[in-house]
Every structure is written in C-alpha cells, then in structure tokens.
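Chemist: Sharing a structure, written as structure tokens. Questions coming.
In the numbering used here, the protein residues as written are 277 to 429.
Shown next, in the form of structure tokens:
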C-alpha cells in the first residue's frame, strides 16, 4: 500500500461514514495492517486538544504499538470558518512510518460529501493531538518495502 493508496482508503472510509447518515460524522481512526483494516469510532471524542491528545495517546499505545501498525487514518467532521461564512467539512488525516502526516478535506452539504481537496503535508503545529498516532507509526518496525507503507512489497 502506497501513501496515495492509504489516502484513498481513508477517503473511502469517510464516504462510507457519510453515506451511513452519521451526523455529525464521528471521530474515527482507520488502522490498516498487513492482515486487516480496522475502523474504530472514538465515542465521545473530546473538544479540547489536550483531551484529544490523551485519547489518541491511549489508542496508539493500546492498538497501534502492539500491532506494529506503520500507518493510520483519522476522520472527523469539522467546521471551516472563512471570514464570516462557516462550512461543514469532513477532514481526513493520514500518516505512515517516516512519511509524516497528510491532510485533505471535503465539504459536507445536506449529507453529501463533495470532492476532496489535494492532500497536503500537515504543518507540525497543526492538529497537535494527532502526534501520538504519527509517533506510533514511526515506531513500527522498519521493513524494506520501498513505497509500500505496510512493507509488503
């Protein structure tokens, strides 16, 4: 699985969540491994960044580190404020061992998901609560997988 395939997998998971009518779209972690992909809804995901960091630290320690997961995805609904207008969006962040975290988003109108923006590398200061997921991915055992984020090639 390449980083682009990871992006596509996470975007498809976001589309599935929206299609199921979840409103608001819950915070979700997508955890692909060599044998399966797990999608975990983070019930009651907090609004405070420090609390979010704590929740994702526990998730990483409990789920990612034991499985040796070298990549992840994170999906959540957010409100994008541009000047005086606000727009609901679905944010997809994804990362892999030694490749950093990337982000993309799509507008959400009337339970319909628009096209996703081009993925961009996440600025180190943005969404600091995601750092435990990236740190856990970086700790995964290195393989000689080239562009394969799961090391299967």
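The beta-carbon is built from N, C-alpha and C at its ideal position, and this holds for glycine as well. All values reported here derive from a predicted model rather than from experimental measurement.
Could you tell me if residue 227 is buried or exposed, where buried requires 16 or more neighbouring beta carbons within 10 angstroms of its beta carbon?
Modeler: Outside the modelled stretch of the chain, which goes from 277 to 429, sits residue 227, for which no answer is possible.
Chemist: Indicate the three-state DSSP secondary structure (helix, strand or coil) for residue 303 in the structure shown.
Modeler: Reading the chain shown from its first residue, position 27 is the one you call residue 303. Residue 303: coil per DSSP, three-state reduction.
Chemist: Under the assumption that residue 366 contacts residue 387 (Cβ atoms under 8 Å), give the Cβ distance between them as a whole number of angstroms.
Modeler: Here residue 366 corresponds to residue number 90 of the chain shown, with the count starting at 1. Here residue 387 corresponds to residue number 111 of the chain shown, with the count starting at 1. No, residue 366 and residue 387 are not in contact; Cβ-Cβ is about 11 Å, not under 8 Å.
Chemist: Does the Cβ-Cβ distance between residue 305 and residue 350 come in under 8 Å?
Modeler: On the chain shown, residue 305 is found 29 positions in, with the first residue counted as 1. On the chain shown, residue 350 is found 74 positions in, with the first residue counted as 1. Cβ atoms of residue 305 and residue 350: closer than 8 Å.
Chemist: Have a look at 348, 280 and 291 and flag the residue whose alpha-carbon is nearest the alpha-carbon of residue 390.
Modeler: For this step, residue 390 is matched to residue 114 along the chain shown. The shortest Cα separation from residue 390 among 348, 280 and 291 belongs to 291.
Chemist: DSSP state of residue 398, grouped into three classes?
Modeler: For this step, residue 398 is matched to residue 122 along the chain shown. In this structure, residue 398 counts as coil in the three-state DSSP scheme.
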